[in-house]
Ligand code: GLN
Ligand code: ZN
């Protein structure tokens, strides 16, 4: 039985590509050396694939920044403002990816969005009217040549490209052209590409769009594109690869088209098995069965995986999605004990799993006795799943089991609390605040690094942070901000910081996962039952509050975000883990309140992003436990304690009632980049939570003028009652410098004051 994977990580096991690109951007590495690093990384991957005897080798899954952007460039979809810079092909590409600023010109980057239900961000291609679509496949063809040089025969090459449907659906059309009007040209470019690929190879078109709720238009466009493409396949084998779910809305259409193979997701695709059983799978096509989870870091349960293996005449075993979403290898983890590591499968270990599974499945299919190797692999795997991996924390389990509907309800109801709090805090209209972090300057980061390396003592480390907090409070008082923050100087990352203080979390040394372009994250692993080991933020918040008479916000990360930005457990439901985390954070909330903190912000930056792809799953699979988990965190506080929350994306127009149902007193969110689009939705929904839609974009060093902010506030007031509107930036200021932060906040406070005057 054959094996393959959809795609492999490309940033390098030690983030070599990130380092090389950053050096290249700074001008300390030549383009040639960057190309060399990239080529070496690809060759290392090829070697890993051959060592693990993958039957079909992915080629074209490499990217200098992002696969969607690669496809845009391959199709010649490069907006004029980037072409005009007159840069080399690679620099034009980087200009689109992250902007360009020097004597050649000054352009901002293309937009970036979350890739389906993952933590990865793709670059949103932009299609301007008049763009001529044509094929520019030199880079891809060179990578194929490289694979051939490495001894991979045509028949083993699987070239992957973003599928045209997914590409067109995610592209932003700026003029009159639409996905429909350009579809013929895109399909011909795909056909052109196919004709230039080695004869006998597989050509994989990735179409995750197909696992969403499809419209008739989607299905029509899908058929149109592929009818044209499949007409031109001459001698190459075309694979329709889907992932992140099942293709229930187009299974019949997909299997009826003359694809040579179809890739289906048996892990996240809840209906995949039913679809194959009910409608059958054509004997003349190869079924690429995604049975090894491409998103988790846990070892695959062989018995379970083999049990879902479908009946099809021709099978290839593969991963459920690209391995881009997991770290490279457990081999680089030196600190985690072997007893722990044996439960993990990062990208490289998943290749080994495919090899084992193929061997077992093969021998079984032949009715042969299992080889010694297969028996050993199966036994070892069964041992991993026999019994329990961790001893549960009885106290935590009891606490979760003991929750009643009342545990999730804060009293009194919102309207009454709002009155109590207005009296309690006596804030002016349009109160000003910030989201939490202040610039993480070089000194702040170096203080942390020195502490981690043992170069300074705990006392020295804390003393530095206290001094920063003092400066930060002083600055905010001087600026005239109404509700203050301590600045979060002690935090590296808003999830890791809490994970570090909670029992049940594990951290890797090298478990990097690409988040976008050159940015990687190292998600914590939820290993066991979660509980609060000790107070986490109390001392810091109490100290910060002691420096001012104004309310100081206690600053916490919410349970849903902690879960979403970690690798979750699979031996208990996500709901259960989230409630455990919620109870731990709840203890912290009550502790803060007990110590005199009157405003507490519980960030749910990542709540929106794990919303299931299909609408029918939104509530049952997610919101029905995620929203209550948040309520559990704060339901125990006094009426006069004000609970804030923050979300990074404002794309919650369609779950607005659920957001209101979090029952926070105030919510701040990103709005300025999306042109305040959310305001209309809030007004229509009669949103009751007080709101602070960000008045300026903190993702850019640009300083907004006072007038600009004033006009944003006035626009907001057309939709939001003045008693409910807060004034704040989009998000935390940690990535900003001090030079732009001070003037930006000055303008913000001045703008709020100016508008306030006209309201009183
Ligand atoms: N409180 C956090 C900060 O200001 C929130 C960050 C976020 O939303 N990503 O940094
Ligand atoms: Zn944010």
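Numbering (this note's numbering), first residue to last: 6 to 765. Backbone N, C-alpha and C fix where the C-beta goes; we use that ideal spot for every residue, glycine too.
**Q.** Distance, residue 12 Cα to residue 63 Cα
**A.** If you number the chain shown from 1, residue 63 lands on position 58. If you number the chain shown from 1, residue 12 lands on position 7. Going by the C-alpha atoms only, they are around 6 Å apart.
Selected residue, minimal CA-CA separation from residue 534, among 476, 489, 664 and 394:
Counted from its first residue, the chain shown places residue 534 at position 529. Comparing Cα positions, the closest option is 394.
- [ ] Decide if residue 240 is buried, meaning its Cβ has at least 16 other Cβ atoms within 10 Å, or exposed.
- [x] Looking up residue 240 in the chain shown gives position 235. With fewer than 16 other Cβ atoms within 10 Å, it is exposed.
- Task: Report the rounded CA-to-CA distance for residue 270 versus residue 540, giving the unit in angstroms.
- Result: Against the chain shown, residue 270 aligns to sequence position 265. Against the chain shown, residue 540 aligns to sequence position 535. About 43 Å.
Exercise for the section: Please confirm if residue 658 has its CB atom under 8 Å from at least one CB of chain C. Expected result: Included in the structure is just one protein chain, with no chain C present.
Exercise for the section: Confirm the yes/no value for this check: CB of residue 651, any heavy atom of the ligand GLN, distance under 7 Å. Expected result: Residue numbering aside, residue 651 sits at position 646 when the chain shown is read from its first letter. Remark: the C-beta of residue 651 is in contact range of the ligand GLN, defined as less than 7 Å to any heavy atom.
In the structure shown, what three-state DSSP assignment does residue 152 receive?
Along the chain shown, read from residue 1 onward, the residue named residue 152 stands at position 147. Correct three-state label for residue 152: helix.
Worksheet item: Hey, quick one: how far does the alpha helix (DSSP H) through residue 106 stretch, first residue to last?
Response: Within the chain shown, residue 106 is the residue found at index 101, counting from 1. Careful: residue 106 lies outside any alpha helix (DSSP H), inside the beta strand (DSSP E) at 105-107.
Alpha carbon to alpha carbon, what distance is there between residue 446 and residue 603? For the purposes of this step, residue 603 is taken as residue 598 along the chain shown, with counting starting at 1. For the purposes of this step, residue 446 is taken as residue 441 along the chain shown, with counting starting at 1. Approximately 29 Å between the Cα atoms of the pair.
*State yes or no: is the C-beta of residue 226 within less than 8 Å of the C-beta of residue 175?*
For this step, residue 226 is matched to residue 221 along the chain shown. For this step, residue 175 is matched to residue 170 along the chain shown. The Cβ atoms of residue 226 and residue 175 do not sit closer than 8 Å to each other.
| residue 350: first and last residue of the uninterrupted alpha helix (DSSP H) it sits in | Here residue 350 refers to the residue found at position 345 when the chain shown is read from its first residue. Residue 350 -> no alpha helix (DSSP H), and no H or E assigned at all.
Q. Closer than 7 Å: is that where the CB of residue 493 sits relative to any heavy atom of the ligand GLN?
A. On the chain shown, residue 493 is found 488 positions in, with the first residue counted as 1. Relative to the non-hydrogen atoms of the ligand GLN, the Cβ of residue 493 comes within a distance shorter than 7 Å of at least one.
**Report entry** Same chain only: Cβ atoms within 7 Å of residue 546, ignoring 5 sequence neighbours per side
**Finding:** Start at 1 with the first residue of the chain shown, and residue 546 comes out as number 541. Excluding positions up to five away in sequence, the list reads 491, 557, 559, 597 and 602.
**Report entry** Own chain, CB closer than 6 Å to residue 28, minus 5 neighbours either side, in chain order
**Finding:** Taking the first residue of the chain shown as position 1, residue 28 is located at position 23. For residue 28, the CB contacts under 6 Å within the same chain, skipping 5 residues up- and downstream, are 34 in chain order.
>> What does the alpha-carbon distance come out to for the pair residue 201 and residue 139?
In response: Your numbering for residue 201 matches position 196 in the chain shown. Your numbering for residue 139 matches position 134 in the chain shown. Separation of residue 201 and residue 139 (C-alpha to C-alpha, rounded to the nearest whole angstrom) is 14 Å.
- Task: May I ask whether a heavy atom of the ligand ZN can be found less than 7 Å away from the beta carbon of residue 305?
- Result: For the purposes of this step, residue 305 is identified with residue 300 of the chain shown, where counting begins at 1. Within 7 Å of the C-beta of residue 305 there is not a single heavy atom belonging to the ligand ZN.
(request) Below 8 Å on the Cβ atoms is my guess for residue 565 versus residue 635; work out the distance and round it to an integer in Å. (result) Counting from 1 along the chain shown, the entry for residue 565 is found at position 560. Counting from 1 along the chain shown, the entry for residue 635 is found at position 630. Yes, residue 565 and residue 635 are in contact; Cβ-Cβ is about 6 Å, under 8 Å.
Self-check item: C-beta atoms of residue 329 and residue 127 nearer than 8 Å
Solution: Locating residue 329 in the chain shown gives position 324, counting from the first residue. Locating residue 127 in the chain shown gives position 122, counting from the first residue. Residue 127 is positioned such that its CB atom lies no closer than 8 Å to that of residue 329.
**OP:** Could you work out which residue in 23, 674, 189 and 211 is closest to residue 612 when comparing CA atoms only?
**Re:** On the chain shown, residue 612 is found 607 positions in, with the first residue counted as 1. Closest option to residue 612, Cα to Cα, is 674.
| request: Return the bridge partner residues of residue 209 from the DSSP annotation. | output: Indexing the chain shown from 1 puts residue 209 at position 204. For residue 209, the beta-bridge partners assigned by DSSP are 165 and 244.
Notebook entry, point to check: Based on the DSSP secondary-structure assignment, which residues constitute the bridge partners of residue 753?
Noted result: Sequence index remark: in the chain shown, residue 753 carries index 748 (1-based). According to DSSP, residue 753 bridges with nothing at all.
Same chain only: Cβ atoms within 6 Å of residue 50, ignoring 5 sequence neighbours per side: Position 45 of the chain shown, counted from the start, is the residue given in the question as residue 50. For residue 50, where only same-chain residues beyond five positions count, the Cβ hits under 6 Å are 13.
- prompt: Are the beta-carbon atoms of residue 71 and residue 100 separated by less than 8 Å?
  reply: By 1-based counting over the chain shown, the position of residue 71 is 66. By 1-based counting over the chain shown, the position of residue 100 is 95. In this structure, residue 100 does not lie closer than 8 Å to residue 71 by Cβ.
* Indicate whether the contact test is met: 3 or more Cβ pairs, each with one atom in the stretch 584-593 and one in the stretch 390-407, closer than 8 Å. => Touching, yes, given that three or more Cβ pairs across the two stretches are closer than 8 Å.
- request: May I ask you to report which of helix, strand or coil DSSP gives residue 558?
  value: Within the chain shown, the letter at position 553 stands for residue 558. It is a strand residue.
| In terms of DSSP beta bridges, what is residue 521 paired with? | Here residue 521 refers to the residue found at position 516 of the chain shown. Residue pairing for residue 521: DSSP places it in a beta bridge opposite 524.
ask   = Using the C-alpha atoms, what's the distance from residue 488 back to residue 418?
value = Within the chain shown, numbered from 1, the residue matching residue 418 stands at position 413. Within the chain shown, numbered from 1, the residue matching residue 488 stands at position 483. The straight-line gap separating the alpha-carbon atoms of residue 418 and residue 488 is approximately 23 Å.
Residue 194 and residue 80 - do their beta-carbons sit closer together than 8 Å? Along the chain shown, one-based indexing puts residue 80 at 75. Along the chain shown, one-based indexing puts residue 194 at 189. In this structure, residue 80 sits near residue 194, with a CB-CB distance shorter than 8 Å.
Problem - Where residue 65 falls, given that 16 or more other Cβ within 10 Å makes a residue buried - result: The residue labelled residue 65 in the question sits at position 60 within the chain shown. Flag for residue 65 reads buried.
Notebook entry, point to check: Could you check where the beta strand (DSSP E) with residue 682 kicks off and where it finishes?
Noted result: Position 677 of the chain shown, counting from 1, holds the residue named residue 682. Per DSSP, residue 682 lies in no beta strand (DSSP E) segment and is marked neither H nor E.
Taking only runs of the beta strand (DSSP E) that begin and end inside the stretch 306-340, which ones reach a length of at least 3 residues, in chain order? The stretch 306-340 contains these whole beta strand (DSSP E) runs: 319-324.
So, residue 132 versus residue 182, is the Cβ gap smaller than 8 Å? Taking the chain shown and counting its residues from 1, the one referred to as residue 132 is at position 127. Taking the chain shown and counting its residues from 1, the one referred to as residue 182 is at position 177. Residue 182 sits close to residue 132, with the two beta carbons spaced by under 8 Å.
I'd like the span of the beta strand (DSSP E) that includes residue 55, first residue to last. By one-based count along the chain shown, residue 55 stands at place 50. From DSSP, residue 55 is part of no beta strand (DSSP E) but of the alpha helix (DSSP H) over 36-56.
Q. Taking C-alpha atoms, which residue in 638, 647, 655 and 628 lies nearest to residue 663?
A. Position 658 of the chain shown, counted from the first residue, corresponds to residue 663. Taking each of 638, 647, 655 and 628 in turn and checking the Cα distance to residue 663, the smallest one comes out for 628.
- Return the Cβ separation of residue 292 and residue 257 in integer angstroms, given the expectation that the two are a contact with Cβ distance under 8 Å. On the chain shown, position 287 is the one that residue 292 refers to. On the chain shown, position 252 is the one that residue 257 refers to. That pair is no contact at about 15 Å.
Thinking C-alpha only, which one of 729, 691 and 689 is nearest residue 649?
-> Counted from its first residue, the chain shown places residue 649 at position 644. Its Cα nearest to that of residue 649, the residue 729 stands out among 729, 691 and 689.
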